[in-house]
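Input: a single structure, listed below in structure tokens.
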Amino acid sequence: MAGNDDGGWFPGLGNNKPKPRRMGKADFFDPASGRSTPDSYSMNQVTVDSGGVTEEIVMEQATELAAQPVVEVDGSSQNRLLIKNGKVVNADGIEDADVFIENGVITQLGRNLIIPGGTRTIDARGRYVMPGGIDTHTHMELELMGATAVDDFYQGTKAAIAGGTTMIMDFVLPRKGESLVEAFGNWRRKADPKVCCDYALHVGVTWWSDQVKQEMTELAKNHGVNSFKMFMAYKDLYMIRDPDLYKIFEHCKELGAIAQVHAENGDIIAENTKKLLEAGITGPEGHEMSRPEDVEAEATHRACVIANQVSCPLYVVHIMSKMAADVIALKRSQGAVVYGEPIAASLGSDGTNYHHTCWRHAASHVLSPPLRPDPETPDYLVQMLAELTAHFTWCE
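When you number the sequence shown by numbering that gives the first Met the number 0, it's gap-free, plus one each residue, and the end is 395.
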């Protein structure tokens with residue numbers, strides 16, 4: 000690249016960007032460089048204004064309530080709960096109201112409710128009463144490329160509930176050639192004994208054949224599965240080629256299921272990765288360089304085009320860049336039924352972290368598609384959410 004003293008080809012690397020680290024096959028980065036290694040899970044204490052709720056307040060209140068004995072007036076009193084004096088948050092606004100719950104179901108909402116005796120009461124004065132969140136994209140106990148997700152179905156869902164998420168939607172990811180139905184059963188056997196909240200399962204389609212088509216039908220009709228995920232990345236592992244993607248989208252349409260895609264160009268990523276490794280670039284910054292923004296945007300556009308040919312609703316998971324978000328916005332303006340999903344990481348961080356002097360800090364930000372080096376990306380994606388150009392966000 001002219002004017003670049005790295006002497007090689009690096010995608011997305013301009014003269015104004017940090018130079019990538021290099022190391023030999025047996026070398027390791029010094030993680031400290033005189034600085035302490037940050038804990039990638041640490042968070043600063045958040046200051047809130049009057050009327051807000053901190054985690055400490057919520058957990059303290061929950062602990063106190065859990066320690067209180069249940070005074071039973073009749074056999075069902077412990078299944079009745081009144082949350083009073085709170086600000087109830089719904090999709091259409093916020094109102095001062097009381098909430099009465101019986102047997103896990105909200106049966107009354109308003110003021111001056113008629114409540115049976117013996118009902119347990121929580122005074123939520125000055126606090127917001129919100130519906131439980133649904134995390135539409137989790138990977139509990141996922142095994143991928145020699146690593147296993149740190150959260151299992153117990154610890155992961157326990158943490159979800161602590162944060163106000165009362166349902167998760169996890170992914171069944173069969174190996175190529177593996178039965179989708181058997182993989183679904185395996186995930187159920189892992190999850191059922193451990194989950195602390197409601198959950199549902201998407202199913203990945205990682206290969207295509209008449210058998211897979213039949214199993215998709217069985218999962219939809221007999222097991223309640225109504226979303227299937229395909230990968231345009233991870234060549235030789237999960238990647239689905241365009242002709243098969245067309246057929247899968249077509250069958251999703253027939254089943255009334257929504258098609259999801261991980262949108263990155265797997266062939267280009269494989270070629271870029273080869274060149275970067277040959278140049279000795281093996282640090283976290285090489286991850287983003289192997290799959291720059293336009294590689295994500297191209298696959299997003301291609302997925303939208305293929306889905307549109309068979310009138311299949313499309314859900315593009317983890318939108319990480321301005322360019323991919325713009326593709327979603329354009330296709331929606333043209334009448335396509337397509338949804339975009341930015342994630343918590345892309346809304347709150349950016350790819351400059353890949354060049355952090357601490358290797359551990361940089362590596363803790365690696366995900367696919369990667370965070371983008373443009374520091375304006377998070378605000379851009381937040382605005383997309385505010386305008387409903389993008390629709391969901393999740394925290395994996």
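The C-beta atom is built at its ideal place from N, Cα and C for all residues, glycine as well. Values in this document were obtained by computation on a predicted structure and should not be read as measured data.
Going by the beta-carbon positions, is the gap between residue i and residue j smaller than 9 Å?
i: Val194; j: Ala182; result: no
i: Pro368; j: His317; result: yes
i: His136; j: Ile268; result: no
i: Ala361; j: Pro283; result: yes
i: Asp97; j: Gly109; result: yes
i: Ile100; j: Arg124; result: no
i: Pro130; j: Asn89; result: yes
i: Leu141; j: Val180; result: no
Are there 16 or more other CB atoms within 10 angstroms of the CB of residue i, so buried, or fewer, so exposed?
i: Asp91; result: exposed
i: Ser310; result: exposed
i: Arg188; result: exposed
i: Gln259; result: buried
i: Ser226; result: buried
i: Asn221; result: exposed
i: Glu375; result: exposed
i: Glu214; result: buried
i: Thr106; result: exposed
i: Ala158; result: exposed
i: Thr147; result: exposed
i: Ala232; result: buried
i: Glu263; result: buried
i: Met139; result: buried
i: Glu94; result: exposed
Starting from residue i and walking both ways along the alpha helix (DSSP H), at which residues does that stretch end?
i: Thr299; result: Glu292 to Gln308
i: Val224; result: Note, Val224: premise wrong, no alpha helix (DSSP H); not H, not E.
i: Ala262; result: First-last for Ala262: undefined, no H or E at that position.
i: Arg331; result: Lys321 to Ser332
i: Ile160; result: Phe152 to Ala161
From residue i to residue j, what does the alpha carbon distance come to, in whole angstroms?
i: Val294; j: Lys86; result: 45 Å
i: Asp325; j: Asn111; result: 48 Å
i: Ala302; j: Val337; result: 10 Å
i: Leu244; j: Lys228; result: 10 Å
i: Tyr314; j: Val211; result: 20 Å
i: Ile160; j: Arg331; result: 34 Å
i: Glu249; j: Pro312; result: 10 Å
i: Ser348; j: Gly163; result: 22 Å
i: Gly103; j: Pro192; result: 21 Å
i: Met322; j: Asp378; result: 14 Å
i: Ala256; j: Gly117; result: 45 Å
i: Met383; j: Met319; result: 12 Å
i: Cys196; j: Ile247; result: 31 Å
i: Asp266; j: Thr272; result: 10 Å
Beta strand (DSSP E) containing residue i: first to last residue?
i: Asp95; result: Gly92 to Glu101
i: Asn89; result: Arg79 to Asn89
i: Val315; result: Leu313 to Val315
i: Met168; result: Thr164 to Val171
Item to check | the region 196-215 in contact with the region 154-169 per 3-pair CB rule at 8 Å | outcome: Yes, since at least three Cβ pairs between the region 196-215 and the region 154-169 fall closer than 8 Å, the two stretches touch.
Checklist entry - Contact between the region 269-288 and the region 350-357: three or more CB pairs below 8 Å? => result Contact between the region 269-288 and the region 350-357 is present, because at least three Cβ pairs lie under 8 Å.
Next on the checklist: Below 8 Å, how does it come out for the region 232-251 and the region 203-217: are there three or more Cβ pairs, yes or no?
Outcome noted: In the pairwise beta carbon analysis, the region 232-251 is classified as touching the region 203-217: at least three pairs are separated by under 8 Å.
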